[in-house]
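Asks: Numbering (UniProt numbering), first residue to last: 1 to 226.
All residues carry an ideal CB built from backbone N, CA and C; glycine is no exception.
Since the model is a prediction, treat every value here as computed from it, not as a measurement.
Here you go, one structure.
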Amino acid sequence: MSTSTSTSTVSTGASGGPRGRVGSDRTGGGFVGAFTSEWTKLWTVRTPYVCLFVGLVVTAVFTFYYGSIARINDKPIQPVGNASVSSVVLTQFALVILAMTTVTSEYSTNSVRTSLLWVPVRPRVQLAKALLCALVGFVTAMVWGVLGIALAWGPFRGHAEFELSKVAYQTVAMGVYSALICVMTVGVAFALRTAAGAVAMIFFVVSALPGMLVGLGGPVLLAINE
């Protein structure tokens, strides 16, 4: 009698031990956990800081030059935000590199296996990376836009006008465009898994393809390019 009682006690204690606590403690991070993991990984390497710094420098130089050329050539008065919008032609590639390396660097070092062990749902990892890069691209482009407007205003010297609604529209448009470019870059990087292939494809889509559409002409192709 006492033996059976002690046996049942031991069994109950074992079930209430670590094995019994595993199920109750495994709440999982879900999408928030995946996003937090990607956020941490992004800012623990030097690449994003270099990309953001390069984009900042290019924005400053380009917008100052844009305003100076408009004044020297006596261009008609234009929205001051045109300087920042035009700089996106170059600065977008800093964000492309940033977004691309979040994917291709993991494939090149095989650390993608670790990422999928942490978050075993592949679409969740892809969505977390895309959302993170879109957020970084949106905020960064808007900051660059505001900086470019401030730097270009002086060199314009009367050849630009400041209209708050127009400036706000152009700044937000820069952010939305950059966010979409980042999302597209993440998708291409996951599809190709190599930095060279991803850069070549993105460069073709955002630079070569628009020129080809304009060269071919036609209302439909021109509308697609716009």
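In or out: Trp144 buried (at least 16 other Cβ within 10 Å) or exposed?
Replies: Trp144 is buried by the Cβ-count criterion.
Asks: I believe Gly148 touches Leu95 by the beta-carbon criterion, under 8 angstroms. Please report the beta-carbon distance rounded to the nearest angstrom.
Replies: Incorrect: roughly 15 angstroms between the Cβ atoms, too far for contact.
Asks: Please list, in chain order, all residues of the same chain as Lys166 whose beta carbon is under 8 angstroms from its beta carbon, the five residues on each side excluded.
Replies: Pro79, Gly81.
Asks: What separation, rounded to the nearest whole angstrom, lies between the Cα atoms of Ala70 and Phe156?
Replies: Distance between the alpha carbons of Ala70 and Phe156 is about 6 angstroms.
Asks: In this structure, how does DSSP classify Glu161 when only helix, strand and coil are distinguished?
Replies: Strand at Glu161.
Asks: Which term fits Glu106, buried or exposed, when burial requires 16 or more other beta carbons within 10 angstroms of its beta carbon?
Replies: Under this definition Glu106 is a buried residue.
Asks: Which residue from Asp74, Thr101, Phe64 puts its Cα closest to that of residue 240?
Replies: Here the chain covers residues 1 to 226 and nothing more, so residue 240 does not appear.
Asks: Could you tell me which of Trp153, Ala99, Thr104 sits nearest to Leu131, measuring between CA atoms?
Replies: With distances taken between Cα atoms, Leu131 lies closest to Ala99.
Asks: Determine the extent of the alpha helix (DSSP H) in which Phe62 is found, giving its start and end residues.
Replies: Start and end: 47-72.
Asks: Note the first and the last residue of the continuous alpha helix (DSSP H) segment covering Phe35.
Replies: Phe35 -> alpha helix (DSSP H) spans 30-42.
Asks: Taking Val54 as the reference, which of Trp39, Gly33, Ser87, Lys41 has the closest Cα?
Replies: Measuring from the Cα of Val54, the nearest candidate turns out to be Ser87.
Asks: Can you give the beta carbon distance from Ala198 to Ala189, rounded, assuming they're within the 8 angstroms contact cut?
Replies: Right, the Cβ-Cβ distance comes to about 4 angstroms (below 8 angstroms), so this counts as a contact.
Asks: Where Thr109 and Thr63 are concerned, what is the direct C-alpha to C-alpha distance, given to the nearest angstrom?
Replies: Their Cα atoms are separated by approximately 38 angstroms.
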